[in-house]
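Remarks on the structure that follows.
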Amino acid sequence: MIEKVGVIGAGQMGSGIAQVCAVAGLSVAISDINAEQLAKSLANIAKNLDRQIAKGKLTEPEKDAAMARIATSTDLSIFKDSDLVVEAATESEDVKRLILKALVPNLPPKAMIATNTSSISITRLAASTDRPEKFIGMHFMNPVPVMQLVEIIRGIATDDDTFQSIKALTARLGKTAAIAEDFPAFIVNRILLPMINEAVYTLYEGVGGVEAIDTAMKLGANHPMGPLELADFIGLDTCLSIMQVLYEGLADSKYRPCPLMVKYVEAGWLGRKVGRGFYDYSGPTPRPTR
Ligand SMILES: NC(=O)c1ccc[n+]([C@@H]2O[C@H](COP(=O)([O-])OP(=O)(O)OC[C@H]3O[C@@H](n4cnc5c(N)ncnc54)[C@H](O)[C@@H]3O)[C@@H](O)[C@H]2O)c1
Numbered sequence: 028m029i030e031k032v033g034v035i036g037a038g039q040m041g042s043g044i045a046q047v048c049a050v051a052g053l054s055v056a057i058s059d060i061n062a063e064q065l066a067k068s069l070a071n072i073a074k075n076l077d078r079q080i081a082k083g084k085l086t087e088p089e090k091d092a093a094m095a096r097i098a099t100s101t102d103l104s105i106f107k108d109s110d111l112v113v114e115a116a117t118e119s120e121d122v123k124r125l126i127l128k129a130l131v132p133n134l135p136p137k138a139m140i141a142t143n144t145s146s147i148s149i150t151r152l153a154a155s156t157d158r159p160e161k162f163i164g165m166h167f168m169n170p171v172p173v174m175q176l177v178e179i180i181r182g183i184a185t186d187d188d189t190f191q192s193i194k195a196l197t198a199r200l201g202k203t204a205a206i207a208e209d210f211p212a213f214i215v216n217r218i219l220l221p222m223i224n225e226a227v228y229t230l231y232e233g234v235g236g237v238e239a240i241d242t243a244m245k246l247g248a249n250h251p252m253g254p255l256e257l258a259d260f261i262g263l264d265t266c267l268s269i270m271q272v273l274y275e276g277l278a279d280s281k282y283r284p285c286p287l288m289v290k291y292v293e294a295g296w297l298g299r300k301v302g303r304g305f306y307d308y309s310g311p312t313p314r315p316t317r
């Protein structure tokens, strides 16, 4: 039974995962290399829980109890009692491999490891640990507290106990699981990211401006968000990494990342999380940048 969950990476996803675990009654330890990010994460979780109180979905004592279940540290030794650690750091295979290597000596032998990667091979990441049979993909969607789905991906060595434990945890968090095989970007992003990439090509080639493209897909295809708005929401660095994994992993030119997406990432215009992407978020309402 999983009772103590660790989360590595206190960004948009790590914070959300920590929040849903704490609200579900689990004890949560969060680690990030950036101490400021840990403080920001706690503040964000508190703000989200306040919003739930305002909507009548949570009580003040429930919020206090959930916040009291969360501990943070920049030191990986915070995971010494964890039953499960969910890795939710930056979408880079090199970064994740280094994290996993450093994590293993800080874990009890029983601990399972899940990665929230959007695209990278579970089997390859598992090989960076001493326990590939206890390693699995647990792919939450953004924003975690709102989105219903968790994609579960077994690596080649993942054992059935680990798979069943993660399925049970997914249900305990009130989420629905979809099981995917270990192929680049799994199910959701294999389908979603090429559409976002195509929207960026549509912008790059001048077929439409930012607003026209998003309006077209919202009103013409009944999508709740336009693809460029969604790209900003996901983070353009994450979108680009996923496209690179698809391009390299499936060796098909149809996955070539749009040069404009590359440029935006090089400029540091990573989307909502930094205040600018295809939209500028510095004013009261987002302004299209093209
Ligand atoms: N953004 C999305 O929509 C989305 C959805 C599902 C899954 N994911 C996946 O979740 C993961 C995190 O994405 P995000 O959007 O939260 O990114 P983010 O940029 O918001 O957060 C990443 C965090 O990782 C931390 N980090 C980087 N290197 C680290 C290290 N060595 N040790 C500890 N922490 C480190 C950073 O300081 C940052 O706080 C990625 O694998 C991404 O693909 C993202």
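Sequential numbering from 28 applies to the sequence shown in the numbering used here.
Positions of the beta carbon are idealized from the N, C-alpha and C atoms, including for glycine.
Sequence-distant residues of its chain with Cβ nearer than 8 Å to MET222 (five each side left out): Exclusion of the five residues before and after MET222 leaves PRO254 as the residues of its chain whose Cβ lies within less than 8 Å of its Cβ.
Contact test: VAL122 Cβ vs ligand 1 heavy atom, cutoff 6 Å: Correct: VAL122 has its Cβ closer than 6 Å to ligand 1.
Contained beta strand (DSSP E) runs [length at least 3] in the segment 119-168, N- to C-terminal order: The qualifying runs are 139-142, 162-167.
PRO315 beta carbon less than 7 Å from that of VAL237: Contact: yes.
GLU275 Cβ short of 6 Å to ligand 1 heavy atom set: False, no ligand heavy atom lies under 6 Å from that Cβ.
C-alpha gap between PRO286 and GLN271, whole angstroms: Rounded to whole angstroms, the gap between the alpha carbons of PRO286 and GLN271 is 12 Å.
With 16 other Cβ atoms within 10 Å as the buried cut-off, status of LYS161: Buried, because 16 or more other Cβ atoms sit within 10 Å of the Cβ of LYS161.
Span of the beta strand (DSSP E) around ILE269: Looking at the DSSP string, ILE269 is not in any beta strand (DSSP E); the run it does join, the alpha helix (DSSP H), is 263-277.
Boundaries of the beta strand (DSSP E) in which ARG181 is found, first to last residue: Its beta strand (DSSP E) spans residues 176-181.
C-alpha distance - PHE106 paired with ILE57, whole-angstrom precision: Rounded to whole angstroms, PHE106 to ILE57 spans 9 Å at the Cα level.
Own chain partners of SER155 with C-beta closer than 6 Å, once the 5 adjacent residues on each side are dropped: Within the same chain, SER155 has close Cβ partners ARG124, LEU127, LYS128.
ILE60 beta carbon near ligand 1 (any heavy atom closer than 6 Å): Taken from the Cβ of ILE60, at least one heavy atom of ligand 1 lies inside 6 Å.
Nearest residue (CA-CA) to LEU267, options ALA116, MET244, ARG283, ALA278: LEU267 has its Cα closest to that of ARG283, out of ALA116, MET244, ARG283, ALA278.
Distance cut-off 6 Å: GLN39 Cβ against heavy atoms of ligand 1: A heavy atom of ligand 1 is found nearer than 6 Å to the CB of GLN39.
Nearest-angstrom Cβ-Cβ length linking THR197 and VAL177, presumed shorter than 8 Å: At roughly 5 Å, the Cβ-Cβ gap stays under 8 Å, so THR197 and VAL177 are in contact.
ILE261 beta carbon near ligand 1 (any heavy atom closer than 6 Å): Yes, Cβ of ILE261 sits closer than 6 Å to a heavy atom of ligand 1.
Given 8 Å, three or more beta-carbon pairs between the segment 258-266 and the segment 301-308: Touching, per the Cβ criterion.
Buried or exposed (CB count within 10 angstroms, at least 16 for buried), GLY310: Its Cβ having fewer than 16 others within 10 Å, GLY310 is exposed.
SER109 vs LYS194 beta-carbon contact at 7 Å: Judged by beta-carbon spacing, LYS194 lies beyond the 7 Å limit of SER109, meaning their Cβ atoms are not closer than that value.
Inter-stretch contact (C-beta, 8 Å, three-pair minimum) for the segment 66-84 and the segment 146-155: Output reads no: the segment 146-155 does not touch the segment 66-84.
Closest by C-alpha distance to ASN133, when choosing among TYR274, ILE35, VAL215, ALA248: Looking at the Cα atoms, ILE35 is the closest of the given residues.
Cβ pair count under 8 Å reaching 3, the segment 204-224 against the segment 273-283: The segment 204-224 is in contact with the segment 273-283.
SER280: CB within 6 Å of a non-hydrogen atom of ligand 1: Flag unset: Cβ of SER280 not near ligand 1.
Of the listed residues ALA248, ILE44, THR101, nearest to THR142 (C-alpha basis): The closest CA to that of THR142, considering only ALA248, ILE44, THR101, is found on ILE44.
Neighbour-count burial assignment, ASN224, 16 or more Cβ in a 10 Å radius: By the neighbour-count rule (16 or more Cβ atoms within 10 Å), ASN224 is buried.
Closer than 7 Å to chain C by CB, ALA66: The displayed structure is made up of one protein chain only, and chain C is not part of it.
GLY33 CB to nearest heavy atom of ligand 1 below 6 Å: No, Cβ of GLY33 sits at least 6 Å from all heavy atoms of ligand 1.
Boundaries of the beta strand (DSSP E) in which GLY38 is found, first to last residue: Element bounds for GLY38: n/a, residue is neither H nor E.
heavy atom of ligand 1 below 6 Å from SER100 C-beta: Incorrect: SER100 has no Cβ contact closer than 6 Å to ligand 1.
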